[in-house]
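Comments concern the structure below.
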Amino acid sequence: MGEIKDEVSWNSMIVAYGQHREGIKALALYKEMELRDLYLDMFTLASVLTALTSMEDLRGGLQFHSRLIRMGFHENPHVGSGLIDLYSKCSASISECKKVFQEIPYPDLVLWNTMISGYSQSELCEEAVACFRQMQLAGHQPDDCSFVCVISASSNLSSPSQGKQIHSLAIKSSIPSNRISVNNALIAMYSKCGSL
661 MGEIKDEVSW
671 NSMIVAYGQH
681 REGIKALALY
691 KEMELRDLYL
701 DMFTLASVLT
711 ALTSMEDLRG
721 GLQFHSRLIR
731 MGFHENPHVG
741 SGLIDLYSKC
751 SASISECKKV
761 FQEIPYPDLV
771 LWNTMISGYS
781 QSELCEEAVA
791 CFRQMQLAGH
801 QPDDCSFVCV
811 ISASSNLSSP
821 SQGKQIHSLA
831 IKSSIPSNRI
841 SVNNALIAMY
851 SKCGSL
């Protein structure tokens, strides 16, 4: 590999390796950035979390979380989303996800979506729907990712009424009705509850 010119290029490489399940290479680049005393920003740190998640390295994630606290990045919504994603996908308890979420003073839509997804992946469907409602009360308008996460959670509830309410809300929202991801989630939900 040739000489990497700047922090943006380093971050891009770390992201690419992390997303292609080349976590060891991503972590090696991160360590090289540290050795060269290059600027580490929230994108660098979130990219490292993506790499750790792709490797399902909960232990490494816990160690990195401690480092994030020392660096003062643990309250950043972008980094917090990476932590919640890591903990929810690597079989940590949902209480760790909630703790991370609660430490972020100003959660953004991505962080809310990640928390809803974490609840859904942990099969805590009622909590996912409640989190979706709290997100709206906090003034965030759901996007297509929000709807996919909460519809997925709703499909695992015993009563289809929650899912129907969410479907109605999706129709009324500014999300284009032809979003394939939302439509696929709705089809899966209605087929699970036998209402296709």
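For what it's worth, my numbering labels the leading residue of the sequence shown as 661, then goes sequentially. Just so you know, even glycine gets a beta-carbon here, dropped at the ideal spot from N, CA and C.
Next item on the list: Classify SER828 as buried or exposed, calling it buried when 16 or more other Cβ atoms lie within 10 Å of its own Cβ.
Entry: Looking at its Cβ environment, which holds fewer than 16 other Cβ atoms inside 10 Å, SER828 is exposed.
Checklist line | Span separating the alpha-carbon of SER851 from that of LEU698 | finding: Approximately 51 angstroms between the Cα atoms of the pair.
Checklist line | Through-space distance from LEU771 to HIS738, alpha-carbon basis | finding: Those two C-alpha atoms are separated by around 7 angstroms.
Next item on the list: Could you check the C-alpha separation between SER834 and ILE754 for me, to the nearest Å?
Entry: C-alpha of SER834 to C-alpha of ILE754: approximately 31 angstroms in a straight line.
Item checked: Residue closest to ASP804, alpha-carbon to alpha-carbon, out of ILE826, ARG696 and SER815 -> Checked all of ILE826, ARG696 and SER815; the closest Cα to ASP804 is ILE826.
Notebook entry, point to check: Is CYS791 closer than 8 angstroms to ASN816 when the C-beta atoms are compared?
Noted result: Here ASN816 is not near CYS791, since their CB atoms are 8 angstroms or more apart.
Check: Is CYS791 helix, strand or coil when you go by DSSP?
Finding: Of the three classes helix, strand and coil, the one that applies to CYS791 here is helix, per DSSP.
Check: Do the CB positions of LYS749 and THR713 come within less than 8 angstroms of each other?
Finding: Yes, the Cβ-Cβ distance between LYS749 and THR713 is below 8 angstroms.
Notebook entry, point to check: Taking the continuous alpha helix (DSSP H) assigned at ILE835, which residues delimit it?
Noted result: If you look at ILE835, you'll find it isn't in any alpha helix (DSSP H); DSSP assigns it neither H nor E.
Next item on the list: Could you say which of HIS734, GLY823 and LEU769 lies nearest to GLU756 if we only look at CA atoms?
Entry: Minimum Cα distance to GLU756 is reached at HIS734.
Check: Would DSSP call CYS809 helix, strand or coil?
Finding: CYS809 falls in the helix class under three-state DSSP.
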